[in-house]
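Okay, structure first, notes after.
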């Protein structure tokens with residue numbers, strides 16, 4: 005029976021029973037952190053071979069001596085390895101350091117200070133706006149918030165952002181300069197954009213000449229199941245309709261090899277890369293070519309070896325996603341408390357609590373020793389208008405720790421939902 009159908013006496017008894025169990029959890033003094041989507045140690049162990057796979061002879065590569073300065077845009081061997089991952093041509097790839105977030109920040113900063121491809125620098129405009137599909141990635145929102153950009157929520161469904169809304173807004177408002185997208189296994193919902201959504205995104209007709217689609221394909225190889233859906237390559241779609249300069253793509257091996265010590269990359273039209281290089285030649289002389297070559301050697305220069313490597317990751321983390329989804333289904337579905345996504349890849353499960361309960365659930369979990377991503381973090385400015393969404397990050401704890409954390413989580417959901425009903 006759903007919780008909303010309980011009589012008041014039944015609801016009070018249910019609440020007291022949950023409260024007693026919650027106090028027992030508090031007595032255990034748990035210390036579990038599920039606040040970020042971090043790879044677990046056994047996932048990092050999969051890439052130990054990176055530490056000794058390269059020799060000095062490997063550093064005399066196709067483009068010269070990789071121990072020295074130069075080759076700003078990345079070594080050709082790395083471009084050949086990662087171009088298929090992003091669905092682009094090799095000469096459309098720019099290899100950065102270890103963090104794609106830095107590349108995203110750089111493009112925004114450059115647009116503000118110098119303008120994109122001859123357009124007015126954003127710092128000289130009265131207003132700059134960005135579209136933000138929600139729930140979304142908190143670090144994207146932090147970048148645009150840091151630069152004082154006004155962020156506009158765009159609702160998501162199982163196909164991606166509301167494209168009717170996106171098309172209308174970008175066509176009528178020249179101050180809208182971009183949209184954040186995590187198109188494959190979106191953070192936090194885990195949904196993948198439909199072919200129709202990708203095509204419509206690539207064919208946008210923005211009023212702003214310097215509008216860009218910020219396509220963060222962070223989880224493009226992070227599949228949990230066989231025969232995964234792979235999204236359409238947006239740069240190819242955009243070029244097909246004459247919008248090749250409208251797209252920036254980003255990716256990295258942060259959750260493929262070593263988090264914080266992988267390889268980040270950006271892809272864009274040759275015109276866009278030439279424009280951005282104006283800033284990059286001042287920003288640095290070159291990025292870490294030795295680490296780029298290390299990754300080339302580790303994967304033997306073959307994209308299919310990256311996919312095989314990611315199957316090993318899947319074997320480690322899929323049981324954890326199963327723990328989350330099975331616990332939610334067993335404990336909350338019969339009571340009709342909230343809803344959640346069932347992702348086929350990526351790093352997160354998105355849970356929507358009854359309206360007005362997310363902050364309370366996160367607080368209850370914290371007070372019993374389980375730290376979650378802050379409620380509201382998946383919305384611009386940290387403000388979830390309905391106080392519903394919670395991002396669950398299953399990957400870092402062990403299966404046993406995760407089951408313990410999820411048992412507490414569903415208990416906190418029951419407590420918060422019962423409290424709200426009793427108070428109403």
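In our numbering, the protein residues as written are 5 to 428. We put the beta carbon where it would ideally sit given N, CA and C, even for glycine.
Cβ atoms of residue 264 and residue 102: under 8 Å apart, would you say? yes
Bridge partners - residue 271, DSSP secondary structure assignment: 97 and 253
Identify the residues that DSSP records as bridge partners of residue 137: which are they? 158
Beta-bridge partners of residue 227, as assigned by DSSP: 349
In terms of residues, what are the limits of the beta strand (DSSP E) holding residue 38? Where residue 38 is concerned, the enclosing beta strand (DSSP E) stretches over 36-38.
Taking the C-alpha atoms as reference points, what is the distance between residue 145 and residue 358? 24 Å
List the DSSP bridge partners of residue 174. Answer is none; residue 174 lacks a bridge partner.
Tell me which residue opens and which closes the alpha helix (DSSP H) that residue 114 is part of. 104-117
Among 304, 118 and 162, the one whose alpha carbon lies nearest that of residue 128: 118
Residues in its own chain within less than 8 Å of residue 296 by CB, not counting five upstream and five downstream? 70, 78, 79, 81, 82, 99 and 267
In this structure, what does DSSP give as the bridge partners for residue 55? Answer is none; residue 55 lacks a bridge partner.
Going by C-alpha distance, which of 143, 64 and 152 is nearest residue 131? Ranking 143, 64 and 152 by Cα distance to residue 131 puts 152 first.
Assuming residue 301 contacts residue 58 (C-beta within less than 8 Å), just tell me the rounded distance between them. Contact flag correct, Cβ pair sits at about 5 Å.
Please name the residue, chosen from 402, 189 and 364, that lies closest to residue 229 on a Cα-to-Cα basis. 189
Helix, strand or coil for residue 220, going by three-state DSSP, please let me know. strand
Measure the CB-CB distance between residue 397 and residue 41 and report whether it falls below 8 Å. yes
Span separating the alpha-carbon of residue 155 from that of residue 215: 14 Å
Bounding residues of the beta strand (DSSP E) (the contiguous stretch that carries residue 375): 374-376 is the span of the beta strand (DSSP E), which, as asked, contains residue 375.
Taking a contact to mean a Cβ-Cβ separation below 8 Å, would you say residue 276 touches residue 253 in this structure? no
Local Cβ density within 10 Å of residue 328, reported as buried at 16 or more and exposed below that: buried
If you measure between the beta carbons of residue 198 and residue 160, is that distance less than 8 Å? no
Tell me whether residue 27 is buried or exposed, calling it buried when 16 or more other Cβ atoms sit within 10 Å of its Cβ. exposed
Taking 8 Å as the threshold, find out whether the segment 322-336 comes into contact with the segment 243-252 through three or more Cβ pairs. no
Just the C-alpha distance for residue 62 and residue 303, rounded to the nearest angstrom, thanks. 14 Å
Does the Cβ of residue 237 have 16 or more other Cβ atoms within 10 Å, making it buried, or fewer, making it exposed? buried
Kindly indicate which three-state DSSP category residue 393 falls into: helix, strand or coil? strand
Ignore the nearest five residues each way along the sequence and tell me which others in residue 366's own chain have a CB closer than 6 Å to its CB. Spatial neighbours of residue 366 in its own chain (CB-CB distance under 6 Å, excluding positions within 5 residues in sequence) are listed in chain order as 376 and 379.
Answer with buried or exposed for residue 269, where buried requires no fewer than 16 other C-beta atoms within 10 angstroms of its C-beta. buried
I'd like the span of the beta strand (DSSP E) that includes residue 185, first residue to last. 180-185
How is residue 128 classed by DSSP in three states: helix, strand or coil? Looking at residue 128 - three-state DSSP - the assignment turns out to be helix.
Own chain, CB closer than 6 Å to residue 47, minus 5 neighbours either side, in chain order: Cβ contact annotation for residue 47 (same chain, cutoff 6 Å, sequence separation greater than five): 317 and 320, in chain order.
Quick check: residue 95 and residue 282, are their CB atoms within less than 8 Å of each other? no
Here's the rule: buried if 16 or more other CB atoms are within 10 angstroms of the residue's CB, otherwise exposed. What is residue 31? exposed
Quick one: give me the first and last residue of the alpha helix (DSSP H) that residue 296 is part of. Unbroken alpha helix (DSSP H) run through residue 296: 293-302.
Using a Cβ-Cβ cut-off of 8 Å (strictly less than) and excluding sequence neighbours within five positions of residue 163, which residues of its own chain qualify? Result list for residue 163: 195, 197, 198, 200 and 201, in chain order.
Assign residue 433 to one of two classes, buried (16 or more other C-beta atoms within 10 Å of its C-beta) or exposed (fewer than that). Absent from the structure is residue 433, since the part of the chain shown begins at 5 and ends at 428.
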